[in-house]
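S.K.: The listed protein sequences derive, respectively, from chains A and B. Counting along the first sequence from 1, when you hit position 97 you're at 97 in the numbering used here, and nothing is skipped either side. Position in the second sequence counted from 1, then plus 150, gives you the numbering used here. One structure is given below, represented as structure tokens, and several questions about it will come after.
Protein chains: 2
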Amino acid sequence: MTKEQSYFKKILKDHGLKVTNQRIAVLEIFKEHSGVHLSVEEIYDFVKKDYPEIGLATVYRTVQLLSELELIDKVNLDDGYVRYEIGVMDGEKSHHHHHLICLSCGEVFAFGEDMLDSLEEHIDKTLGFKVVDHQVKLFGYCKNCRENEN
Amino acid sequence: MTKEQSYFKKILKDHGLKVTNQRIAVLEIFKEHSGVHLSVEEIYDFVKKDYPEIGLATVYRTVQLLSELELIDKVNLDDGYVRYEIGVMDGEKSHHHHHLICLSCGEVFAFGEDMLDSLEEHIDKTLGFKVVDHQVKLFGYCKNCRENEN
DNA sequence: CTTAGTGCAAAGCTTTTGCACTGCA
DNA sequence: TGCAGTGCAAAAGCTTTGCACTAAG
């Protein structure tokens, strides 16, 4: 058993939740696709390879659970699906919903979150609005696509 | 006829589209609710007061049209509805998808866009990603809610 | 007159829910 | 063994689409 699995089981137990094969299997898919933004349908298709009898509703419920436990992040890329990505795998601080979306190839890149600190401070001072979470989407053209067009 | 209506009619004609009462009526609702983020259902309810025989499908089609003509902005506040707001009514530069969403009362405030310029410049330099549009959502607690809690 | 636009109803989509069954603790 | 969790199918809710009809140009 990997250390992520042990950690996951502990969290489930701490919340009085049961450890099931389905939950382990879904988390495993997120681990195998770190950095990728998966729709529930995509997760379902992946999980079925290892666990063919799983139901779509279970995947929906598990994904909601993982999101509430803050083990995965919810991302809306406005493509008609709600997407999720694993958030705490890499050593660095968890990057929170910051995405570069290429309008040409559709690729999604991530970038760090510290760049917004001064902005949030300014908003607090001028508007009295206390920011506790943020979601930033930047649309444009990635390096590859720009090079291919030239 | 207001100057916004003349402008709208010109745009429709320039695109080879017909000027219909329904389209005028929907635009009128956006004008009356400048700064508000309306769902299609809400727009439908408002329009029906002036134009009871309008159909929901027409509102959906009109809103898509207005969005393509860049007369309104599409906003997704993750509440299950796609929302729209009029974008070019005030004299200032059009504020592009920048929202402060209060987690307590649900109120949505807007803020200016120039604050992101340095961030985008940095991204271009370091990642080679050219940003052409952006969408920023900041979640937190607004002044009112913070004062009421104390 | 021609055909884009409309209204209605049906269908399409993702997501949620009810309920009997299963399996973890 | 008891009850949380699951699987299936049905339902829900937003949005789109097909089609006959209406009205703008």
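We put the CB at the ideal spot given by N, CA and C, even for glycine.
1) Secondary structure at A:Val47, three-state DSSP: helix, strand or coil?
2) Hey, quick one: how far does the alpha helix (DSSP H) through A:Phe111 stretch, first residue to last?
3) Where do the N-terminal and C-terminal ends of the alpha helix (DSSP H) with B:Tyr157 fall, by residue?
4) Can you look up B:Asp223 in the DSSP assignment and give me helix, strand or coil?
5) I'd like the list of long-range same chain contacts for A:Phe129, defined as Cβ closer than 6 Å, with 5 residues on each side in sequence excluded.
6) Tell me whether B:Lys287 sits in a helix, a strand or coil according to DSSP, three-state version.
7) If I follow the unbroken beta strand (DSSP E) through B:His248, where does it start and stop?
8) Going by CA-CA distance only, name the one from A:Phe109, A:Leu71 and A:Gly35 that's closest to A:Ile24.
9) With B:Tyr210 as the anchor, note down where its alpha helix (DSSP H) starts and where it stops.
10) Give the residues from the segment 134-150 of chain A that approach chain B closer than 8 Å (Cβ to any Cβ), ordered along the chain.
11) Would you say A:Lys130 lies against chain B (beta-carbon separation less than 9 Å)?
12) Suppose the cutoff is 7 Å on Cβ atoms and the five residues either side in sequence are ignored; what does the same chain contact list for B:Gln155 look like?
13) Just checking: is the beta-carbon of B:Lys153 within a distance shorter than 9 Å of some beta-carbon in chain A?
14) Within the continuous beta strand (DSSP E) that includes B:Val232, where are the two ends?
15) Per DSSP, A:Val131 is paired with what?
16) Is the beta carbon of B:Phe158 closer than 9 Å to that of B:Leu144?
17) A:Leu127 versus chain B: which residues are under 9 Å apart at the beta carbon?
18) In its own chain, which residues sit with a C-beta less than 6 Å from the C-beta of B:Leu288, not counting the 5 before and 5 after it?
19) Using a Cβ cut-off of 9 Å, which residues of the segment 71-89 of chain A contact any Cβ in chain B, in chain order?
20) In whole angstroms, what is the alpha-carbon distance linking A:His37 and B:Asp283?
21) Taking CB distances under 9 Å as the criterion, tell me whether A:Glu120 reaches chain B.
22) Grab me the residues of B:Gly106's own chain with a C-beta within less than 7 Å of its C-beta, minus the 5 sequence neighbours each way, in chain order.
23) Within 9 Å of any Cβ in chain A, is that where the Cβ of B:Leu188 sits?
24) On the CB-based measure, 16 or more other CB atoms within 10 Å of its CB, does A:Gly140 come out buried or exposed?
25) Would you give the residue range spanned by the alpha helix (DSSP H) that B:Leu177 belongs to?
26) Using a C-beta cutoff of 9 Å, does A:Ile123 count as contacting chain B?
27) Does any C-beta atom of chain A lie closer than 9 Å to the C-beta of B:Leu216?
28) Might you give, ordered along the chain, the residues of its own chain that have their beta carbon closer than 7 Å to the beta carbon of B:Val367, omitting 5 neighbours on each side?
29) Pick out whichever of A:Leu65, A:Gly35 and A:Pro52 has its Cα sitting closest to the Cα of A:Gly16.
30) So, at 6 Å on beta carbons, what are the nonlocal neighbours of A:Asp14 in its own chain, with the 5 sequence-adjacent residues on each side left out?
M.R.: Let me lay it out:
1) helix
2) Note, A:Phe111: premise wrong, no alpha helix (DSSP H); not H, not E.
3) Lys153 to Asp164
4) strand
5) Ile123
6) strand
7) His248 to Cys252
8) A:Leu71
9) Leu206 to Glu218
10) His134, Gln135, Val136, Lys137, Leu138, Phe139, Gly140, Tyr141, Cys142, Lys143 and Arg146
11) yes
12) Ile174
13) no
14) Val232 to Ile236
15) B:Gly290
16) Nothing about residue 144 of chain B can be reported from this structure: the residues present for chain B run from 151 to 300 only.
17) Leu250, Phe259, Phe261, Cys292 and Lys293
18) Leu250
19) Lys74, Asn76, Asp78 and Val82
20) 20 Å
21) yes
22) In the structure displayed, chain B extends from 151 to 300; residue 106 of chain B sits before or after that span and is not available.
23) no
24) buried
25) Asn171 to Glu182
26) yes
27) no
28) With chain B covering only 151 through 300, there is no way to say anything about residue 367 of chain B.
29) A:Leu65
30) none
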